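K.L.:
Here you go, one structure.
Residue numbers (the numbering used here): 246 to 481.
Okay, structure coming up:
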């Protein structure tokens, strides 16, 4: 646990469980869809869901407990992908919140202070990130299904699938170490491999994300230097 919110007396995990992360992605996509359906302004900021624990002894976070879901911190074979997705959301959220310090900066309608990125740029980037998040959600589902971690199995069958998964995780990590490719898996975190379900679709989604961010920034007349810095520092 990384922080304690004294006002609400809850503990907040800065590395959200998969349930909170995926719910966050779905929430932003719904907000975008609702805005498009009603003609309202599209979101210009990313809405986060905190992964909280009312009690440190809880086996599940508050959201997963309330919804009766299994609380999974991550999935070992795609932990690197999960980390990259969380880091990308954090990076983009920070960019969208940056204040323009220039005395000549203008506060746009709907904003409380002048931003470095105009509202049109922020709205487009939020939409691009939400699209990537939707692909991430699909990738996680494919991974769970491939390894029998999703579905209406009996408790014994599910435990067997989870044990097999852990064996495969250990074998894959050992293979990476033996082959001298540990640099490909920094910190011992695994990522999707080309033989895994969803690998191709996920990589296409990441490439599209880069293109979408570039297009949005170009169409809203952002400087090429700003575009280059933004893309270079993307964690994904």
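Note that CB positions come from ideal geometry on N, CA and C, so glycine has one too.
All figures in this text were calculated on a predicted structure; none of them were measured in a lab.
1. When you compare only the Cα positions, how much space is there between residue 409 and residue 392?
2. Hey, which unbroken runs of the alpha helix (DSSP H) at 4 residues or more fall wholly within the segment 306–360?
3. Evaluate contact between the segment 300–310 and the segment 363–380, counting only Cβ atoms and requiring at least three cross-stretch pairs below 8 Å.
4. Are three or more beta carbon pairs between the segment 315–330 and the segment 432–443 nearer than 8 Å?
5. Can you give me the C-alpha to C-alpha distance between residue 333 and residue 451, rounded to a whole angstrom?
6. So, residue 379 versus residue 448, is the Cβ gap smaller than 7 Å?
7. Which residue spans inside the segment 356–429 form an unbroken alpha helix (DSSP H) run of at least 4?
8. Excluding five sequence neighbours on each side, which residues of the same chain lie with their C-beta closer than 8 Å to the C-beta of residue 483?
9. Apart from the five residues just before and just after residue 338, which ones in its own chain have a Cβ nearer than 8 Å to its Cβ?
10. At what residues does the beta strand (DSSP E) containing residue 478 begin and finish?
11. Have a look at 389, 354, 348 and 262 and flag the residue whose alpha-carbon is nearest the alpha-carbon of residue 403.
12. How is the alpha helix (DSSP H) around residue 283 delimited, first residue to last?
13. Pull up the distance between the alpha-carbon of residue 282 and that of residue 478, whole angstroms please.
14. Does DSSP put residue 251 in a helix, a strand or coil?
15. Beta carbon of residue 406, beta carbon of residue 394: below 7 Å?
16. What does the Cβ neighbour count give for residue 343, buried or exposed, with the cut at 16 atoms within 10 Å?
17. In three-state DSSP terms, what is residue 448?
18. Spell out the partners DSSP gives residue 434 in its beta bridges.
19. According to DSSP, simplified to helix, strand and coil, what is residue 260?
20. Can you have a look at residue 441 and say buried or exposed, based on whether 16 or more other CB atoms are within 10 angstroms of its CB?
P.N.:
In short:
1. In the chain shown, residue 409 corresponds to position 164, counting from 1. In the chain shown, residue 392 corresponds to position 147, counting from 1. Distance from the CA of residue 409 to the CA of residue 392, rounded to the nearest whole angstrom, comes to 8 Å.
2. List check, alpha helix (DSSP H) in window: 307–312 and 324–342.
3. no
4. yes
5. Against the chain shown, residue 333 aligns to sequence position 88. Against the chain shown, residue 451 aligns to sequence position 206. Between residue 333 and residue 451, the C-alpha separation is close to 11 Å.
6. Counting from 1 along the chain shown, the entry for residue 379 is found at position 134. Counting from 1 along the chain shown, the entry for residue 448 is found at position 203. Taking 7 Å as the Cβ cut-off, residue 379 and residue 448 do not qualify as a contacting pair.
7. 364–391 and 400–423
8. This structure gives no information on residue 483, because the portion of the chain shown stretches from 246 to 481.
9. Translated into positions along the chain shown, residue 338 becomes position 93. The residues are 290, 291 and 293.
10. Working through the chain shown from its first residue, we reach residue 478 at position 233. It is not in any beta strand (DSSP E) - residue 478 carries neither H nor E in the DSSP assignment.
11. The residue given as residue 403 occupies position 158 in the chain shown. Of the candidates 389, 354, 348 and 262, the one whose C-alpha sits nearest the C-alpha of residue 403 is 389.
12. On the chain shown, residue 283 is found 38 positions in, with the first residue counted as 1. Unbroken alpha helix (DSSP H) run through residue 283: 263–283.
13. Start at 1 with the first residue of the chain shown, and residue 282 comes out as number 37. Start at 1 with the first residue of the chain shown, and residue 478 comes out as number 233. Between residue 282 and residue 478, the C-alpha separation is close to 33 Å.
14. Here residue 251 refers to the residue found at position 6 of the chain shown. For residue 251, the predicted structure reports a pLDDT of 46, less than 50, and the residue's modelled location is therefore unreliable. A value from the coordinates is still provided. DSSP places residue 251 in coil when its eight states are reduced to three.
15. Position 161 of the chain shown, counting from 1, holds the residue named residue 406. Position 149 of the chain shown, counting from 1, holds the residue named residue 394. Yes, the pair counts as a contact, with Cβ atoms nearer than the cut-off.
16. Counting from 1 along the chain shown, the entry for residue 343 is found at position 98. Exposed, because fewer than 16 other Cβ atoms sit within 10 Å of the Cβ of residue 343.
17. Along the chain shown, read from residue 1 onward, the residue named residue 448 stands at position 203. Of the three classes helix, strand and coil, the one that applies to residue 448 here is helix, per DSSP.
18. In the chain shown, counting from the first residue as 1, residue 434 sits at position 189. DSSP, once it has assigned bridges, lists no residue as partnering residue 434.
19. For this step, residue 260 is matched to residue 15 along the chain shown. In this structure, residue 260 counts as coil in the three-state DSSP scheme.
20. Within the chain shown, residue 441 is the residue found at index 196, counting from 1. Buried is the call here.
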